[in-house]
Every structure is written in C-alpha cells, then in structure tokens.
Amino acid sequence: MLELRLVQGSLLKKVLESIKELVTDANFDCSSTGFSLQAMDSSHVALVALLLRSEGFEHYRCDRNMSMGMNLNNMAKMLKCAGNDDIITIKADDGGDTVTFMFESPTQDKISDFEMKLMDIDSEHLGIPEAEYHAIVKMPSSEFARICRDLSSIGDTVVISVTKEGVKFSTKGDIGSANIVCRQNTSVDKPEEATVIDMNEPVSLTFALRYMNSFTKATPLSNTVSISLSNELPVVVEYKIAEMGYVRFYLAPKIEE
Amino acid sequence: RSTQLSITEFFPST
Chain A
1 MLELRLVQGS LLKKVLESIK ELVTDANFDC SSTGFSLQAM DSSHVALVAL
51 LLRSEGFEHY RCDRNMSMGM NLNNMAKMLK CAGNDDIITI KADDGGDTVT
101 FMFESPTQDK ISDFEMKLMD IDSEHLGIPE AEYHAIVKMP SSEFARICRD
151 LSSIGDTVVI SVTKEGVKFS TKGDIGSANI VCRQNTSVDK PEEATVIDMN
201 EPVSLTFALR YMNSFTKATP LSNTVSISLS NELPVVVEYK IAEMGYVRFY
251 LAPKIEE
Chain B
258 RSTQLSITEF FPST
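Residue numbers (the working numbering), protein chains in the order written: chain A, 1 to 257; chain B, 258 to 271.
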C-alpha cells in the first residue's frame, strides 16, 4: 500500500511539465527515502533524475518498495486536472495495475480522483558516479532559460566555457555567431539573483541546445539553477525543489572528431 | 564532424 499526500500539489504538476518532453515512459520508484525517478531520453543522450524526499510529504506511507511504470504524457494530462492550490495524494495497492491521483481543493469542497493504468517498462538503471566537477555555476534559472532560448535561434549547439573571467555561452550558425558572458555578481540585492562561479579548473564543453532548452522547462520549480561541468563528463543541470529534493538533468557532451 | 556522445558511455548500467 502506498499513500503519499503532497500539500503543495503544484510541485508535482511542475515536475511533470519539466520532464514529459524529454521522457515518454518511466518507472517511478517509491521507497522509505522518497518518490524518485531515473530515466533516459529515447536517444540515450540525456538522463533525468528526480527525487522528492519522504519528509517533504505531509503523509508518506510506503509499506514496501514499489516501482510504477507510467506514461508521463498521460500522467501530466491527469495532473493538469488538479488546481494549482490543490492537495495531491498518490495512492496505489501493492501489485495493482493502477495508480490513483486524488485532488482536494484547499477548502475541501471539491474532491476528485483520477485512476491511471500502470504499464510495464523495461528500463535500464544507471549508476551515477560521484564526481568532482571542474566548475559549478549557479545562476538565476530564468536567465539560463533566456540564454538557451536566445542562442537556439542562432545555432544548434552551445559551447559553455568557464574561466576566471566568468561563464561564456557561445553558438554559431548559418546566419552568424553569438557569445554571452555572465560574470560573477554576488553583490545583488537578493541571493537568488546572483551568479556564483565556483571554479577549480577552466572547462569548456559543447552541448546540443535542443536538450538544454528542454531542461529549462523546469524553470518554474526553482529561482536558481546550478550547472556542474567537468571536461569529458556529462553536464549536470540541477533545479532544487524547495525542501523536497531536486530534478537533475545530465547531458552527454558533443566532441569534435 | 562533431559527435554526440551517449550518456551510457559515462554511467554504468546497474
């Protein structure tokens, strides 16, 4: 038996909106730690890892570890029916083939339940090694989204370079080229508006903008994003989910032959 | 000329 009650139901709605473009079907894993998911996109270029810790739920009951295969588009369709202020409860029976999403309005005058069919998904679980990153850039998530969107109107790939001068996002395309440099600025009024660059070694990597743009669908989840880079390693683009966990996107780099 | 690497080249299957 599984019963997870999330007072801030809008978080789950936002999580689904952030990953449904990248991943079609995925197994949600439920354990005493929390509600999590790990899935690759169909071309195995990107990986998403989601964690919603059990402590972040108002009520968290998970009698034994469960893996529930869901079509994320269908799940998003159901969650769209929840109001932004609704409390969402996820319920499932051990060994059952359905999951129920219950939505309660804040004043308790409207209660809905939506039952969704589960599916069997053969998914590969990957071990993500702990890595020391050469550089970690923390910046406003809206700024990062803006940069990815702007650059994708010029080119298909972005070169992200971190030096002591700052972080540079560059692209080239048929019509020309573009460079955007963001410098560390910790003297802003609000900490979420700061760009903080933590660099051990200069790093420069090339990535497909199409994926970066897809990751920025998670912007509503967090005011800030952190981008962790190491030469020859996938980049990690992390959006923290207030008091609950995170959505992390890993993207393999492109290399020159 | 540029090759897209796969995530599975970095992270082992468990």
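No residue lacks a Cβ here, since even glycine has one placed at the ideal position from N, Cα and C.
#1: Decide if the segment 176-184 of chain A is in contact with the segment 210-222 of chain A; the criterion is three or more beta carbon pairs, one per stretch, under 8 angstroms apart.
#2: Have a look at L50(A) and S36(A) and give me their C-alpha separation to the nearest angstrom.
#3: Does the segment 246-253 of chain A come close enough to the segment 260-270 of chain B that 3 or more CB-CB pairs lie under 8 angstroms?
#4: Among the residues of its own chain, which have a CB less than 7 angstroms from the CB of V162(A), if the five just before and after it don't count?
#5: Hey, is K172(A)'s beta-carbon within less than 8 angstroms of any beta-carbon in chain B?
#6: DSSP three-state label for I190(A), please.
#7: Which same chain residues end up closer than 7 angstroms to F169(A) when comparing Cβ atoms and leaving out the 5 residues on each side of it in sequence?
#8: Taking a contact to mean a Cβ-Cβ separation below 8 angstroms, would you say T25(A) touches G96(A) in this structure?
#9: When the Cα atoms are used, what is the spatial distance from L126(A) to S263(B)?
#10: Could you please give me the residues that DSSP links to C263(A) through a beta bridge?
#11: Go ahead and pull the three-state DSSP assignment for M244(A).
#12: For a contact defined as C-beta to C-beta under 8 angstroms, what are the partners of I136(A) on chain B?
#13: Do T206(A) and M139(A) have their C-beta atoms within less than 8 angstroms of each other?
#14: If we ignore side chains and look at the alpha-carbon of each, how far apart do G173(A) and A145(A) end up?
#15: Going by DSSP in three states, T265(B) sits in which element: helix, strand or coil?
#16: Name the DSSP beta bridge partners of R53(A), please?
#17: Can at least three beta-carbon pairs, one atom from the segment 81-99 of chain A and one from the segment 41-50 of chain A, be found at a separation below 8 angstroms?
#18: In or out: N231(A) buried (at least 16 other Cβ within 10 Å) or exposed?
#19: Residues of chain B with CB under 9 angstroms from Y250(A), in chain order?
#20: What are the boundary residues of the alpha helix (DSSP H) that A76(A) is part of?
#21: Comparing C-alpha positions only, which one of I88(A), E143(A) and L52(A) sits nearest to A242(A)?
#22: Assuming V99(A) and I90(A) form a contact by the criterion Cβ under 8 angstroms, report the distance between their Cβ atoms to the nearest whole angstrom.
#23: Is it right to say V15(A) is buried, meaning 16 or more other beta carbons lie within 10 angstroms of its own, or is it exposed?
#24: Which runs of the beta strand (DSSP E) spanning at least 3 residues fall entirely within the segment 192-257 of chain A, listed in chain order?
#25: For the beta strand (DSSP E) that contains E115(A), what are its first and last residues?
#26: Less than 8 angstroms separating the beta-carbons of G9(A) and F103(A)?
This is what the structure holds:
#1: no
#2: 5 angstroms
#3: Yes, the segment 260-270 of chain B is in contact with the segment 246-253 of chain A.
#4: Once the five neighbours on either side are set aside, the close Cβ partners of V162(A) are A135, V137, I197, M199, P202, V203 and L229.
#5: Taking 8 angstroms as the threshold, the shortest C-beta distance from K172(A) to chain B does not fall below it.
#6: Note on identity: in this sequence residue 190(A) is Lys, with Ile being the wrong assignment. In the structure shown, K190(A) sits in coil (DSSP, three-state: anything other than H, G, I, E or B).
#7: I147, L151, V158, I160 and I180
#8: Sequence check: residue 25(A) is Asp here, not Thr. In this structure, G96(A) does not lie closer than 8 angstroms to D25(A) by Cβ.
#9: L126(A) and S263(B): Cα-Cα distance of roughly 12 angstroms.
#10: Only positions 1 to 257 of chain A appear in this structure, which leaves residue 263(A) out of reach.
#11: coil
#12: Result: empty, since nearest Cβ-Cβ is about 18 angstroms, beyond 8 angstroms.
#13: no
#14: 19 angstroms
#15: helix
#16: G34(A)
#17: no
#18: exposed
#19: I264, F267 and F268
#20: L72 to L79
#21: L52(A)
#22: 6 angstroms
#23: buried
#24: 196-199, 203-208, 224-229, 235-241, 245-251 and 254-256
#25: Looking at the DSSP string, the run of the beta strand (DSSP E) that includes E115(A) is I111 to K117.
#26: yes
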